[in-house]
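Residue numbers (the numbering used here): 13 to 133.
Structure representation (structure tokens):
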């Protein structure tokens, strides 16, 4: 199988083609999971920076940020340099959630690789 086919199978196996797909065993969408991943740094991001990194519209990121904030996974703070904008940072609860999610993704990836290795081409 060619590399492109393998990549597409991996994307399908992880549910990345389905924007409303939830993270397995969680109530978080894949987009929200990727947002937590991008925010799991020591430097807060603007909503526009996060939108650029996720290839989403700023309005979508604004709604997503409001939901993640409501759940206590991120904090939205006014940008000290421009009070019209928000900076987003992950909370300790969000970081713990992200660590747990990474474990789930690693398990799914390991299962997928094992399944591929067991199948003759």
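For every residue, glycine included, the Cβ atom is placed at its ideal position computed from N, Cα and C.
Since the structure is predicted, the reported quantities are computational estimates derived from the model, not experimental observations.
Query raised in the report: Any idea what DSSP makes of residue 68, helix, strand or coil?
Result: One-based indexing of the chain shown puts residue 68 at position 56. Here residue 68 sits in coil by DSSP.
Query raised in the report: Can you tell which of 61, 99, 103, 71 has the C-alpha that lies nearest to the C-alpha of residue 84?
Result: Stepping through the chain shown from its first residue, residue 84 is reached at position 72. Of 61, 99, 103, 71, the residue nearest in Cα terms is 103.
Query raised in the report: Taking the Cβ atom as the reference point for each residue, do residue 100 and residue 59 lie within a distance shorter than 8 Å?
Result: For the purposes of this step, residue 100 is identified with residue 88 of the chain shown, where counting begins at 1. For the purposes of this step, residue 59 is identified with residue 47 of the chain shown, where counting begins at 1. Yes.
Query raised in the report: For residue 95, which three-state DSSP category applies?
Result: Your numbering for residue 95 matches position 83 in the chain shown. Residue 95: strand per DSSP, three-state reduction.
Requested in this report: Note down, in chain order, each residue of its chain lying with its Cβ closer than 8 Å to the Cβ of residue 98, except the 5 sequence neighbours on either side.
Outcome: Against the chain shown, residue 98 aligns to sequence position 86. For residue 98, where only same-chain residues beyond five positions count, the Cβ hits under 8 Å are 58, 59, 77, 88, 89, 90, 91.
Query raised in the report: Can residue 66 and residue 43 be called in contact, C-beta distance under 8 Å?
Result: For the purposes of this step, residue 66 is identified with residue 54 of the chain shown, where counting begins at 1. For the purposes of this step, residue 43 is identified with residue 31 of the chain shown, where counting begins at 1. A contact, by the Cβ cut-off of 8 Å.
Requested in this report: Please determine, among 75, 132, 86, 79, the residue with the shortest C-alpha to C-alpha distance to residue 54.
Outcome: Here residue 54 refers to the residue found at position 42 when the chain shown is read from its first residue. When each option's Cα is compared against that of residue 54, the closest is 86.
Query raised in the report: What's the call for residue 110, buried or exposed, on a 16-neighbour Cβ count within 10 Å?
Result: In the chain shown, counting from the first residue as 1, residue 110 sits at position 98. It is buried - the Cβ of residue 110 has at least 16 other Cβ atoms within 10 Å.
**Report entry** Beta-bridge partners of residue 89, as assigned by DSSP
**Finding:** Translated into the one-based positions of the chain shown, residue 89 becomes position 77. According to DSSP, which records beta bridges pairwise, residue 89 is partnered with 99.
Query raised in the report: Run through DSSP, which three-state label would residue 51 get?
Result: What you label residue 51 is simply residue 39 of the chain shown in a count that begins at 1. Helix.
**Report entry** Where residue 57 falls: helix, strand or coil (DSSP)
**Finding:** Position 45 of the chain shown, counted from the start, is the residue given in the question as residue 57. Strand at residue 57.
Query raised in the report: Which residue comes first and which comes last in the alpha helix (DSSP H) that contains residue 106?
Result: Sequence index remark: in the chain shown, residue 106 carries index 94 (1-based). From DSSP, the alpha helix (DSSP H) with residue 106 extends over 104-130.
Query raised in the report: So, using beta-carbon positions, are residue 48 and residue 106 closer together than 8 Å?
Result: Here residue 48 refers to the residue found at position 36 of the chain shown. Here residue 106 refers to the residue found at position 94 of the chain shown. Contact: yes.
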